[in-house]
Every structure is written in C-alpha cells, then in structure tokens.
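2 protein chains.
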Amino acid sequence: MTHNSENFRSNCPINFVLETFGDKWTLLIVRDLMFKSKQYYGEFLKSNEKISTNILADRLQKLESSGVIKKAMDTQNKSKVLYSLTDKGKDLLPIMLEITSWSHKYDDKTNVPENFIKALSTNRASVISQTLSKLK
Amino acid sequence: MTHNSENFRSNCPINFVLETFGDKWTLLIVRDLMFKSKQYYGEFLKSNEKISTNILADRLQKLESSGVIKKAMDTQNKSKVLYSLTDKGKDLLPIMLEITSWSHKYDDKTNVPENFIKALSTNRASVISQTLSKLK
DNA sequence: CTGTATCCTTAGGGATACTG
DNA sequence: CAGTATCCCTAAGGATACAG
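Order-wise, the sequence lines are chains A and B. Offset between the first sequence (1-based) and the working numbering: plus 50. Offset between the second sequence (1-based) and the working numbering: plus 50.
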C-alpha cells in the first residue's frame, strides 16, 4: 500500500497505521477474524459493539483495498462470502497481543482469560503460533 | 480508568484501547512524547501532521484524564507547562514498537532509521530500556 | 507561549428500507 | 443471508480570533 494524497499526512510509522486503523471500528473486524474465528458478514454484525451494516461494508472494503483482508467464495454455499486475513493482516497479531496485555493491566473491566494472559507472558511464541494455526 | 456509560461498548481489550486511541490524533501525541522528546504544547502543534489547536487541547485533556499523560509546571519558566508520560503511558511502548515494525514492513514510505529497525529485531529489550531512559 | 472560544464544514455513523 | 442505498444527525475537526 502506498500513501494517497487524500489522507497522507507524514511518513511516520505511527501515522501510517492510523490512516488505516485510526477509527472506532476497523480494528474490531481484525479482532473478530483473528481471535473469534468469524468469517461471515453476519457474524461481524453480531459483535457486542454493534457495528451498523453500512459502516461494516465500508470498513470491509477499505481493509480489502489496503490488503489486510481478502474475500473468497464459500465453496459449500455459493451465496456466502468468506473473509479472512492476508499475511499482512496476520502480521498485526503482535500488535494485538500487546494491546491485549496493556488493556488487561490497566482496565479492570477488560475480560481476557487468565490462562491466555499467563501464556502470553511465559510463552509468547507459542501463543502466536497457536493463534495463527487456528485461523481459517 | 473505568468505563463510563458514554462510550462503553464492550469488555474487550481491543475495544478498550479504541475508546482512548481510536482516532487520528491521540496516538501521535504519545509518539511525540515517547520518541521525539517533545514536552510543550507548541511542540506538538509543530508536528508534520498539523494538528489544530482546539483538537490538541482536547486530546491533551482526555489523555490526562485517562491517566496516560501528566502535566507539570516548568520550574524554570512558570508560564510553561510540561507534559510527560505516566507509567501507564510508558507502558504503551511495546505497542508502539510493534506498530513501527509493521509499518516498516508494509509501507515503503515509512521512514524509520535502519539501525533502529535492526536493534528492534536483534535486541528489543535494550531498545525498550534505552527509549525509556531518554524520557523526561 | 499556552491555551479557549467560536464559527463553520465535513466526515462518521446510526436507523432503516430495500435488493439479489 | 449479504450486502446497498438513503436519510438524517451528530461529532470531529479545520481556521482563526482572542485571552492570560
């Protein structure tokens, strides 16, 4: 992905991720794909944060055009579309894990399984490989 | 920080960071504090992304009330205010580093010193301690 | 220099109806 | 079920003037 003149603000790596993920919704879709094994449009709609259908469609498009996710036809059911992470999307996993750790530390309401947190601090590499192996 | 009813959407750790950092500006202030040694209002204003003064004031307030940054009077110059990261703010460093790696990998325009990237992959712990030691 | 305040415009996003 | 389309409103944010 290259910068387009529309949203280009700087050559900073922090700014670069903000151009794609600097909103309230986009990263939730990545989360659903990465940790919740969701693949279908309707499954994203059902998440707790209640994304609306027009926003979901918009973000799926943007994620696809930025190469973070890809679409495929469900071979079993032709009317269904399967969404999945590309390698670029999968590479967001370390960021997601650091976010999870930070929130777990600073938000008492954040709900993450204790054994996941423990595995993360003691055997991070295996958490990564296991998470990736579960992806569709 | 606890969730307030205003922006509460779920108990998900990913959502939790989005409630604070899910916009185009907030994380840039953290970046300036963490990597650019900026401490003054006017310095944030001068960043490449050109944040406007009302947005900057709003984000500084929100970051302070969420405990990520703190204010202090400049002892040399009473009319100046010094901003700095709290421990909670400093703990964002691993997230920032993962973001930097990802952007460096996927955006050819992203400008990060090569020796920083190399140090990050070969001696991450020392990058962390060195970055923290340079903080005001 | 460090903010506040105001005005104004645009983008984000909720609700909902509709289509294949 | 998987989206599109439309309507409408609010929040985000740019520009700029002003104040301590």
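Quick reminder that beta carbons are idealized off the backbone N, C-alpha and C, glycines included.
(request) Report the rounded CA-to-CA distance for Y156 of chain A versus S115 of chain B, giving the unit in angstroms. (result) Straight-line measurement puts the Cα of S115 of chain B at about 14 angstroms from the Cα of Y156 of chain A.
(message) Could you compute how far the alpha carbon of M51 of chain B sits from the alpha carbon of G117 of chain B?
(response) Because M51 of chain B carries a pLDDT of 42, less than 50, the predicted location of this residue cannot be relied on, and the following value inherits that uncertainty. For M51 of chain B and G117 of chain B, the distance between alpha carbons rounds to 7 angstroms.
(message) Residues of chain A with CB closer than 8 angstroms to the CB of D141 of chain B, please, in chain order.
(response) For a Cβ distance threshold of 8 angstroms, residue set W152, K155 and Y156 of chain A lies close to D141 of chain B, ordered along the chain.
(message) What does the alpha-carbon distance come out to for the pair S55 of chain B and C62 of chain A?
(response) Only weak support is given to the placement of S55 of chain B: the predicted model assigns it a pLDDT of 48, under 50, and the value that follows is read from those uncertain coordinates. About 34 angstroms.
(request) Pull out every residue of the region 76–91 of chain A whose Cβ sits closer than 7 angstroms to any Cβ of chain B, in chain order. (result) Under the 7 angstroms Cβ criterion, the region 76–91 of chain A contributes L77, L78 and R81.
(message) Between the region 167–183 of chain A and the region 103–110 of chain A, can you find at least three pairs of beta-carbon atoms closer than 8 angstroms?
(response) no
(message) I want to see whether chain B comes within less than 8 angstroms of V177 of chain A, judged by CB atoms only; does it?
(response) no
(request) Determine the chain B residues that contact N61 of chain A at a beta-carbon separation under 7 angstroms, and present them in chain order. (result) K159, T160 and N161
(message) Could you check whether the Cβ of I105 of chain B sits closer than 8 angstroms to any Cβ belonging to chain A?
(response) no
(message) Could you tell me the alpha carbon to alpha carbon distance between K128 of chain B and A122 of chain B, rounded to whole angstroms?
(response) Inter-residue distance for K128 of chain B and A122 of chain B is about 10 angstroms (C-alpha atoms, whole angstroms).
(message) Could you check whether L132 of chain B and M84 of chain B sit closer than 8 angstroms to each other, using their CB atoms as the reference points?
(response) no
(message) Is there a C-beta anywhere in chain A that falls below 8 angstroms from the one on K186 of chain B?
(response) Cβ-Cβ to chain A under 8 angstroms: no for K186 of chain B.
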